[in-house]
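Going down the list, the protein sequences come from chains A and B.
Quick note on the numbering used here: the first sequence kicks off at 151 and runs consecutively.
Quick note on the numbering used here: the second sequence kicks off at 627 and runs consecutively.
Glycine included, C-beta positions come from ideal geometry on N, C-alpha and C.
Note that the structure is a prediction, hence the values are computed from the model and not measured.
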Amino acid sequence: MSAADLGIPGAGPTSTDYTVDELMVATLARQLDDDDQVVNGAASFIPVCAFALARATHAPKLVWLAGAVGLDPRPRRIPASTLEAPLWHRSSMYMPQLEDFWSYVLNGRWLTKFCVRGAQIDQYGNANNSVIGPDYHRPKVRLPGSAGLGDMGSIGKRLLYWTTTHNPRTLVERVDFVTCAGWLDGGEARSALGLEGGPEFVVTDLCVMDFEPESKRMRLRSVHPGVTVEQVQQATGFELLVDGEIPETEPPSAEEVRLIREEIDPDGARKREFGG
Amino acid sequence: MDKIMPASEAASLIRDGDHVAVQSMGTQGIPMLMVRELIRQHRRELTITSVVAGIGIDWLSFKGVMSRFCGPIVSMERFGLCQGFRRGVQAGLIEFEEYSETGILARLSAGSRNLPFGITRGMIGTDLPALHPDTIAEIADPFTGERVLACRALRPDVCLLHAHRADPLGNIQYEGGTIWPDVQIYPKACGKTIVTVEEIVSEDEVRERPHETVIPHFAVDAVVHAPQGCHPTSFFPGYVYDEAFHEQWVAVSRDPAEAIAMIDRFCAAATQVEYLELVGEPALASTRNWKELA
Numbered sequence: 151m152s153a154a155d156l157g158i159p160g161a162g163p164t165s166t167d168y169t170v171d172e173l174m175v176a177t178l179a180r181q182l183d184d185d186d187q188v189v190n191g192a193a194s195f196i197p198v199c200a201f202a203l204a205r206a207t208h209a210p211k212l213v214w215l216a217g218a219v220g221l222d223p224r225p226r227r228i229p230a231s232t233l234e235a236p237l238w239h240r241s242s243m244y245m246p247q248l249e250d251f252w253s254y255v256l257n258g259r260w261l262t263k264f265c266v267r268g269a270q271i272d273q274y275g276n277a278n279n280s281v282i283g284p285d286y287h288r289p290k291v292r293l294p295g296s297a298g299l300g301d302m303g304s305i306g307k308r309l310l311y312w313t314t315t316h317n318p319r320t321l322v323e324r325v326d327f328v329t330c331a332g333w334l335d336g337g338e339a340r341s342a343l344g345l346e347g348g349p350e351f352v353v354t355d356l357c358v359m360d361f362e363p364e365s366k367r368m369r370l371r372s373v374h375p376g377v378t379v380e381q382v383q384q385a386t387g388f389e390l391l392v393d394g395e396i397p398e399t400e401p402p403s404a405e406e407v408r409l410i411r412e413e414i415d416p417d418g419a420r421k422r423e424f425g426g
Numbered sequence: 627m628d629k630i631m632p633a634s635e636a637a638s639l640i641r642d643g644d645h646v647a648v649q650s651m652g653t654q655g656i657p658m659l660m661v662r663e664l665i666r667q668h669r670r671e672l673t674i675t676s677v678v679a680g681i682g683i684d685w686l687s688f689k690g691v692m693s694r695f696c697g698p699i700v701s702m703e704r705f706g707l708c709q710g711f712r713r714g715v716q717a718g719l720i721e722f723e724e725y726s727e728t729g730i731l732a733r734l735s736a737g738s739r740n741l742p743f744g745i746t747r748g749m750i751g752t753d754l755p756a757l758h759p760d761t762i763a764e765i766a767d768p769f770t771g772e773r774v775l776a777c778r779a780l781r782p783d784v785c786l787l788h789a790h791r792a793d794p795l796g797n798i799q800y801e802g803g804t805i806w807p808d809v810q811i812y813p814k815a816c817g818k819t820i821v822t823v824e825e826i827v828s829e830d831e832v833r834e835r836p837h838e839t840v841i842p843h844f845a846v847d848a849v850v851h852a853p854q855g856c857h858p859t860s861f862f863p864g865y866v867y868d869e870a871f872h873e874q875w876v877a878v879s880r881d882p883a884e885a886i887a888m889i890d891r892f893c894a895a896a897t898q899v900e901y902l903e904l905v906g907e908p909a910l911a912s913t914r915n916w917k918e919l920a
């Protein structure tokens, strides 16, 4: 459901003048509600812009912990780092990570949605940010490592995935290593371990997906304007579930595009996620 | 007792083979003077723990100082992967003992309180626990039977921290609270604590701001004066990361010979004063002027 559907003032008509980064930002923003609290990690420009956009439109009370430090910041623009102090500009609190941040995260009452990007994401929403290759100890590529990902998939969070590289290397049938627990082997595998929450939503540079409730397999929900279902399937390393007619992803409104370009991210930091 | 000493003397508290916890949050807060001193003194076979390891760990990797990293992530954030570390792991020269963030913090928390293990619900369902049969074990909550992971206590030999101020006794002060977990947990979990500081002040000055003291003198073994001691990483609120320096590092670190040449050039500086002269005041000033630019 878009901001326009909800009758949010200023949401206005959809725009035809937008780019895929703006589409992804607006699509992710629509997943966030007024009573959510969210946190961003490293090099997370799409989520950070989405948080700011949600706060500027349909979710003004959305709580944002910038870089897991700055409470409700008011950055003048999105800086080149999503962890460093310029993003925490005019925060109302700097949150000590050890006791405070992790306690609020683990408590269960707060920060129930978490945005995740993985070098690999598989058909059951497991994510890998550890190693590429079959041998963990002699990897083909050593990736950065778990950080908080190894926690967020296991502690009941609702996971929202984003990736700007929808291709068969990112969207794989089975991750080489499970850094972040998704639906594991699908079906009841996750609940059998007593895990709550799980992956719910995926936005890429081509489409929007979710997970079929029974099998927990990734399912196509909408294709971005100009993209076909066949193109999405060809760019995916496993067979996507496709139920019936697939609609186009709702484009951002003219006002959303204006907010992103002029007020939230005038320097275009969000484009850093597209190899630029 | 006066704990102020030069970096060279503080580094002598660290032996080959030690486990060293190093403050680090990507491009933030790495005690780089001590990192360079470990390279200068040719330490070998160190295990390093950091929360988010950055350029310092890359330098230790390229110079063969570190043989194992024990922690959750190695990344220079917007500047990408640490190439020396990545090459070392891929070549089998460096081991990455990888935990989730709550996993490593549970290990250190247990170490800090002299408990046998900490617990977490993190990592359940991932492939991480199976990597660590000696330090991670699935156990049942004795009261409810619920599945949790026991994380064996970790007590590194030494920690390296950077702070805003210290007095000669070793009382350590931070401006604006202890944002990062390193500062709160390492001094309690580690056998020795070495702190580099922006400024040395008198005990009287510390007593004017006791609310800013976050590590008590009795837990501190060495204090080293290091103005802009985290350069090229940031130290809030004084200065941000040096963007040009990191970009230069990203460019040269693709080639090991060039990378080592850059490290050697900066490690040739025997003191922080010499290092800052090498970097040059214009570059340093630009990192301090970030608030006007933010």
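Is it buried or exposed for residue i, if we count other Cβ within 10 angstroms and need 16 for buried?
i                      : result
residue 755 of chain B : buried
residue 407 of chain A : buried
residue 767 of chain B : exposed
residue 695 of chain B : buried
residue 270 of chain A : buried
residue 877 of chain B : exposed
residue 156 of chain A : With a pLDDT of 42 at residue 156 of chain A, under the threshold of 50, the predicted position of this residue should be treated as unreliable, though the coordinate-derived value follows. Under this definition residue 156 of chain A is an exposed residue.
residue 393 of chain A : exposed
residue 151 of chain A : Its pLDDT being 40, under 50, residue 151 of chain A is placed unreliably in this model, and the coordinates cannot settle the point.
residue 822 of chain B : buried
residue 634 of chain B : exposed
residue 769 of chain B : exposed
Taking C-beta pairs closer than 7 Å, name the residues in chain B that residue i reaches, listed in chain order.
i                      : result
residue 327 of chain A : 753
residue 247 of chain A : 805, 806, 807
residue 260 of chain A : Simply none; closest approach about 16 Å.
So what does DSSP say about residue i, is it helix, strand or coil?
i                      : result
residue 851 of chain B : strand
residue 159 of chain A : Low local confidence applies: a pLDDT of 42 at residue 159 of chain A is under 50, so the model's placement there is unreliable, and no value is given.
residue 914 of chain B : helix
residue 750 of chain B : coil
residue 856 of chain B : coil
residue 299 of chain A : helix
residue 888 of chain B : helix
residue 381 of chain A : helix
residue 250 of chain A : helix
residue 812 of chain B : helix
residue 803 of chain B : coil
residue 312 of chain A : strand
residue 776 of chain B : strand
residue 245 of chain A : coil
residue 825 of chain B : strand
residue 263 of chain A : strand
Considering only DSSP beta bridges, list what residue i is partnered with.
i                      : result
residue 278 of chain A : A/270
residue 164 of chain A : A/403
residue 321 of chain A : A/271
residue 289 of chain A : DSSP, once it has assigned bridges, lists no residue as partnering residue 289 of chain A.
residue 214 of chain A : A/188
residue 722 of chain B : B/695
residue 221 of chain A : A/215
residue 367 of chain A : Note: residue 367 of chain A sits in no beta bridge, so no partner.
residue 631 of chain B : Paired residue(s): none; residue 631 of chain B is not in a bridge.
residue 640 of chain B : Residue 640 of chain B is not bridged to any residue.
How would you list, in chain order, the residues of chain A whose beta-carbon sits under 9 Å from the beta-carbon of residue i?
i                      : result
residue 772 of chain B : 344
residue 685 of chain B : Result: empty, since nearest Cβ-Cβ is about 17 Å, beyond 9 Å.
residue 891 of chain B : Within 9 Å Cβ-Cβ: nothing; residue 891 of chain B doesn't reach chain A, min ~26 Å.
Who are the neighbours of residue i on chain B, taking C-beta pairs under 9 Å?
i                      : result
residue 298 of chain A : 698, 699, 726, 727, 728, 748
Output, in chain order, the set of chain A residues within a Cβ distance shorter than 7 Å of residue i.
i                      : result
residue 836 of chain B : Those do not exist, as residue 836 of chain B stays about 18 Å from chain A at its closest Cβ, beyond 7 Å.
residue 703 of chain B : 192, 193, 231, 233
residue 719 of chain B : The premise fails here: residue 719 of chain B is roughly 11 Å from chain A at the closest Cβ pair, so nothing lies under 7 Å.
residue 678 of chain B : 297
Who are the neighbours of residue i on chain B, taking C-beta pairs under 8 Å?
i                      : result
residue 289 of chain A : 715, 716
residue 411 of chain A : Residues of chain B passing the Cβ test: none, with the nearest at roughly 20 Å.
Is it the case that the CB of residue i approaches a heavy atom of the ligand FMN more closely than 6 Å?
i                      : result
residue 303 of chain A : Absence of the ligand FMN from the depicted structure is noted, as is the absence of any ligand whatsoever, leaving it without description.
For a contact meaning CB atoms closer than 8 Å, what does residue i contact in chain A?
i                      : result
residue 757 of chain B : 286
residue 722 of chain B : 292, 295
residue 926 of chain B : Nothing in the structure corresponds to residue 926 of chain B, since chain B is present only between 627 and 920.
(request) Mind checking the region 787–815 of chain B against chain A and listing, in chain order, the residues whose C-beta falls within less than 7 Å of any C-beta there? (result) 802, 803, 804, 805, 806, 807, 810, 811
(message) Which residues of the region 845–876 of chain B have a Cβ closer than 9 Å to any Cβ of chain A? Give them in chain order.
(response) 860, 862, 863, 866, 867, 869
(request) Pull out every residue of the region 180–200 of chain A whose Cβ sits closer than 7 Å to any Cβ of chain B, in chain order. (result) 192, 193
(request) Closer than 8 Å, Cβ to Cβ, to anything on chain A: give me those residues from the region 642–671 of chain B, in chain order. (result) 651, 652, 653, 654
(request) Using a Cβ-Cβ cut-off of less than 8 Å, list which residues of the region 311–338 of chain A approach chain B; keep chain order. (result) 327, 328, 329, 330, 331, 334
(request) Using a Cβ-Cβ cut-off of less than 7 Å, list which residues of the region 200–224 of chain A approach chain B; keep chain order. (result) 219
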